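Working notes, beginning with the structure itself.
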Amino acid sequence: MTPDITPDKSTLRSWLPGFLALAAIWGSSFLFIKIGVRELHPLHLTLYRVAAGALTLLVLLPLLRDRLPREPRVWAHLFVAAALGVAMPFTLFGYGEQRVESMLAGIWNAATPLIVLPMAVLVFRTERLTSRSAVGLGLGFTGVLVVLGVWEGVGGAHFTGQLMCFGAAACYGVAIPYQKRFIAGSSYSGVSLSAAQLLLATAQLAVVGPLVAGAPPVPTGLSAEVLASVLALGALGTGLAFVINMRNIRVAGATTASTVTYLIPIFAVLIGALALDERLSWHQPVGALVVLAGVAVTQGLLGRRRQPAVATGAAAVEKTATSAVEGGGPPMPATGPAVG
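The working numbering puts the first residue of the sequence shown at 778, with every later residue one more than the last.
Written out as structure tokens, the structure reads:
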């Protein structure tokens, strides 16, 4: 049985609630980032949320009778993945949301697969470029230009904030094929690899954060709203969401589980509008639809579908699904979603 065949043998009721819950959790992460940067420097916010996520997964490991990796080679690759897939994009989204709406950050997160594919093809050689995927890339990057509103000119804090959010998506776009190339084939579980990755990201941020932004504030000095947002980003978005996503992959299949990418911007926009009374310019949601259409074409969800690869097995999918969650990507099969 392959992961992509699994949905045909599972009922909608068995995976749809978890699927929608995951989209809501990851879609709301942009709201929590927006609240967090009101009192915290983006580097400090990232440090606290990553530490909370690491602690959550460390608690899960013994409950699942699992353990951290033991091979130095795996830890070395995880160190790179922690920087590219956790510390840098999480922080860039924080900087970006100091300048742009949370819903716009959620839209930019959806551009991740457009970076993943060329990196996987040209740098890591884990995918091959087809005419369909080339058309999808062209369509997607047209959508990026529409979201940016390039005809209105460049420059200003808002434009800079958008570029930072796109830079976060680009970090995921490098980290995902890197993990697939160097980490996914290891014998360790997704929980084990992600826990180690978050530990390393915490250590990186603990060194860089004070050098750039000074000593982080004592958590007890934060407002209840900001503290709750940090805990939600770490424990909920990284811990609980990881478990839900792993279950979605096993029950619904990798392809179906990866389509959560298309719901995350919708939840981010709805939550930003309802909770923060944010508004978008007309071209931003239009561009987002073009971006998502391009992603759908590259993933074979529009036009002629790819035949699923045979005999990869659910375990292999789980190992590939090790990119960081929310504000850093959710666990992802191949070129699936990432979340900010």
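Glycine included, C-beta positions come from ideal geometry on N, C-alpha and C.
From a predicted model like this one, the values you see are computed outputs, not experimental measurements.
For the alpha helix (DSSP H) that contains residue i, what are its first and last residues?
i, result
"Leu-1017", "It is not in any alpha helix (DSSP H) - Leu-1017 carries neither H nor E in the DSSP assignment."
"Glu-1002", "1001–1008"
"Trp-885", "879–886"
"Gly-804", "789–813"
"Glu-874", "865–874"
"Pro-993", "Run containing Pro-993: none; DSSP gives neither H nor E here."
"Ile-1043", "1041–1053"
"Arg-909", "908–925"
"Phe-856", "849–859"
"Pro-895", "889–899"
"Ile-960", "Unbroken run through Ile-960: none, as it is neither H nor E."
"Gly-830", "819–840"
Output the distance between the C-alpha atoms of residue i and residue j, rounded to the nearest integer angstrom.
i, j, result
"Ser-791", "Ala-990", "46 Å"
"Gly-913", "Pro-866", "24 Å"
"His-821", "Leu-976", "15 Å"
"Ala-882", "Gly-986", "22 Å"
"Gly-1071", "Pro-993", "40 Å"
"Thr-1075", "Gly-915", "10 Å"
"Ile-812", "Pro-1042", "18 Å"
"Ser-1058", "Glu-1002", "28 Å"
"Leu-1119", "Leu-1010", "Nothing can be reported for residue 1119: it is not among the residues displayed for the chain, which extend from 778 to 1117."
"Gly-1030", "Leu-1066", "25 Å"
"Gly-1105", "Leu-1047", "For Gly-1105, the pLDDT reaches just 44, beneath the cut-off of 50, and the residue's location in the model is therefore unreliable, although a value from the coordinates is still provided. Each residue's alpha carbon lies about 20 Å from the other."
"Gly-795", "Ser-969", "22 Å"
"Val-851", "Gln-974", "10 Å"
How would you call residue i, buried or exposed, if buried means at least 16 neighbouring beta carbons within 10 angstroms?
i, result
"Leu-841", "exposed"
"Val-995", "exposed"
"Trp-885", "buried"
"Arg-1056", "exposed"
"Arg-876", "buried"
"Glu-874", "buried"
"Ala-853", "exposed"
Throw me the rounded Cβ distance for the residue i and residue j pair, which I believe falls under 8 Å.
i, j, result
"Tyr-872", "Val-1007", "Actually they are not in contact, since the Cβ atoms of Tyr-872 and Val-1007 sit about 17 Å apart, beyond 8 Å."
"Ala-800", "Val-1037", "5 Å"
"Ala-831", "Thr-979", "5 Å"
Using 7 Å as the cut-off, classify the Cβ of residue i as near or not near the heavy atoms of the ligand MG, replying yes or no.
i, result
"Gln-1061", "Judged by which ligands are present, the structure shown has none, so any question about the ligand MG falls away."
Under 8 Å, with one C-beta from each stretch per pair, do the stretch 962–978 and the stretch 833–850 reach the 3-pair mark? The stretch 962–978 is in contact with the stretch 833–850.
Meets three-Cβ-pair contact criterion under 8 Å: the stretch 1010–1022 and the stretch 827–834: Touching, yes.
Are three or more beta carbon pairs between the stretch 802–817 and the stretch 917–929 nearer than 8 Å? At 8 Å Cβ cutoff, the stretches do not touch.
Under 8 Å, with one C-beta from each stretch per pair, do the stretch 946–959 and the stretch 889–901 reach the 3-pair mark? Segment contact: the stretch 946–959 against the stretch 889–901, three or more CB-CB distances shorter than 8 Å; contact assigned.
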